[in-house]
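Shown next, in structure tokens, is the structure this report addresses.
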Amino acid sequence: MNNVHHEGALAGPLAAVPGGRATEPGVWKRRLLTVLKPVFALGGLGMLTAMVNKAGAHELKATLLAALPLLPWVVLIELGRQGCDATATRLSYGARAGQVPLSVLVRAQLIGTAVSSMAPAGRAAAEATKATLLTPYAGAAAATAAAATSQSASLGAGGLISFPCAVASYLMTGWSAFTVAMVVHGFVLLLASLGVRAGLRAKRLGAWMRRRCGKWGEHAESFQASLCAGGLCPWRPMLAFLGSRVLQVMQYAVLAHAVGIDATVLQALFTQGLYLVALAMGSLVPGQVGVTDSVFSLAAGAMGTSAAKAMSIAVLAHTVQAVFVLVGALTPLVWRTRKVTAAQGVAPAVPAPA
92 MNNVHHEGAL
102 AGPLAAVPGG
112 RATEPGVWKR
122 RLLTVLKPVF
132 ALGGLGMLTA
142 MVNKAGAHEL
152 KATLLAALPL
162 LPWVVLIELG
172 RQGCDATATR
182 LSYGARAGQV
192 PLSVLVRAQL
202 IGTAVSSMAP
212 AGRAAAEATK
222 ATLLTPYAGA
232 AAATAAAATS
242 QSASLGAGGL
252 ISFPCAVASY
262 LMTGWSAFTV
272 AMVVHGFVLL
282 LASLGVRAGL
292 RAKRLGAWMR
302 RRCGKWGEHA
312 ESFQASLCAG
322 GLCPWRPMLA
332 FLGSRVLQVM
342 QYAVLAHAVG
352 IDATVLQALF
362 TQGLYLVALA
372 MGSLVPGQVG
382 VTDSVFSLAA
392 GAMGTSAAKA
402 MSIAVLAHTV
412 QAVFVLVGAL
422 TPLVWRTRKV
432 TAAQGVAPAV
442 PAPA
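Numbering (the working numbering), first residue to last: 92 to 445.
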């Protein structure tokens with residue numbers, strides 16, 4: 092159940108420009124995040140331990156064991172989500188999509204999922220990783236532009252799904268802190284989506300990149316030309332990501348039923364909204380371990396259930412996430428691809444409107 096992090100929306104795509112000086116300003120930030128990552132991880136584990144003690148370890152264990160038989164269905168839905176995310180990446184390449192073999196795209200998606208779940212600013216890091224893996228087939232400029240487009244589309248989809256979640260929260264809790272958080276979350280992500288896209292298309296940024304990138308100025312110019320070929324809002328990849336979020340709502344419905352909570356549409360949307368808010372709060376915590384669990388535990392009263400059952404939903408989601416992290420981590424070791432040079436893989440083309 093991969094993440095949509097909101098940190099580093101711009102840093103990830105720009106970092107994929109190979110060899111360019113445009114990556115230098117972000118080096119200190121990445122190093123700082125690397126140093127702080129263990130600190131945030133320990134903080135998350137501390138929060139998780141505190142919540143387990145508060146909810147009751149015995150009740151939590153009994154709830155989790157009872158829910159395990161339905162976990163394969165959640166994994167199956169997650170495979171559908173991976174397919175939607177890979178489709179969004181493919182659509183972000185526009186006219187160059189046909190140059191990327193399907194097997195290579197699937198491999199990049201699996202690796203990117205592991206990066207997204209565990210790295211700080213996970214979505215941006217995942218898009219940069221996928222761009223690096225797909226550069227030999229589409230070219231550096233097109234791969235970087237597609238990563239930026241995919242990042243923008245992901246943010247937009249997260250914003251759009253937040254509003255029905257907020258409606259569900261309002262019907263269940265009124266104008267509670269949960270409802271307000273989901274509404275704010277939706278607007279912030281939509282503005283970020285359009286802002287990232289508009290900022291990267293700005294002529295001033297293009298001129299700055301050409302000055303800063305030195306001999307890679309041609310790549311920077313091609314990168315911006317690829318982005319400007321599509322509209323301001325990348326609708327097609329955004330709809331694919333939105334399909335992924337709808338499947339995630341289904342996942343939470345299954346998880347709620349598995350732990351003994353009424354699996355209504357409102358309940359599933361409310362749970363999805365909690366997850367998105369937790370992502371925003373814990374974007375620097377690997378896997379949001381401890382943060383998601385705490386948010387779900389605090390919302391137990393609104394969900395009409397015990398803290399142990401509410402928290403079990405988050406723990407089971409972490410379990411599914413861990414499965415795909417393991418698969419993604421093993422993918423580069425067991426799934427090798429034929430080395431392709433940029434000259435072999437790239438044909439002159441400009442991406443069509445996204």
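For glycine and all other residues, C-beta sits at the position ideal for the given N, C-alpha and C. Quick caveat: nothing in here was measured; it's all calculated off a predicted structure.
The segment 359 to 368 and the segment 241 to 253 touch, with three or more beta-carbon pairs separated by less than 8 Å.
A straight line joining the alpha-carbon of lysine 221 with that of arginine 214 spans about 11 Å. For the pair methionine 273 and alanine 259, the Cα-to-Cα distance works out to about 10 Å. The beta carbons of threonine 422 and arginine 172 sit no closer together than 8 Å. Taking the Cα of valine 340 as reference, the smallest distance to any Cα among Val350, Val356, Met329, Trp326 is reached at Val356. For valine 191 against alanine 229, the beta-carbon gap comes to about 6 Å, under 8 Å, which counts as contact. For valine 416 and alanine 205, the gap between their C-alpha atoms comes out near 4 Å. Selection Leu159, Leu367, Glu169 evaluated against threonine 383 yields Leu367 as nearest (Cα-Cα). The Cβ neighbour count for arginine 288, taken over all protein chains shown within 10 Å, is at least 16; the residue is labelled buried. Taking the C-beta atoms as reference points, glutamate 218 is found no nearer than 8 Å to alanine 236.
Tyrosine 261: member of the alpha helix (DSSP H) spanning 231 to 264, first to last residue. Taking the CA atoms as reference points, cysteine 324 sits about 7 Å from leucine 285. Using a Cβ distance threshold of 8 Å, threonine 226 and alanine 234 count as a contacting pair. The three-state secondary structure of alanine 390, taken from DSSP, is coil. Glycine 189 and threonine 180 have their C-alpha atoms spaced approximately 12 Å apart.
Between the segment 394 to 407 and the segment 343 to 351 there are three or more C-beta pairs closer than 8 Å, enough to call the two in contact. DSSP, reduced to helix, strand and coil, places isoleucine 168 within a helical segment of the structure shown. Under the three-state reduction of DSSP output, proline 160 falls in the helix class. Apart from the 5 residues on each side of it in sequence, valine 386 sits with its Cβ closer than 6 Å to the Cβ of Leu365, Ala369 in its chain, given in chain order.
In the structure shown, the three-state DSSP call for proline 328 is helix. With fewer than 16 other Cβ atoms from the protein chains shown falling within 10 Å of its own Cβ, phenylalanine 278 counts as exposed.
Per DSSP, the continuous alpha helix (DSSP H) segment holding isoleucine 202 begins and ends at 193 to 209. Counted as a single uninterrupted DSSP element, the stretch harbouring tyrosine 184 is not any alpha helix (DSSP H), since DSSP gives it neither H nor E. The C-alpha of leucine 170 is placed about 28 Å away from the C-alpha of alanine 283. Within the same chain, and ignoring the five residues on either side of tyrosine 261 in sequence, the residues whose Cβ sits closer than 6 Å to its Cβ are Thr270. The DSSP assignment places no complete beta strand (DSSP E) segment of no fewer than 3 residues inside the segment 328 to 369. With respect to alanine 393, serine 245 sits apart: the two C-beta atoms are not nearer than 8 Å.
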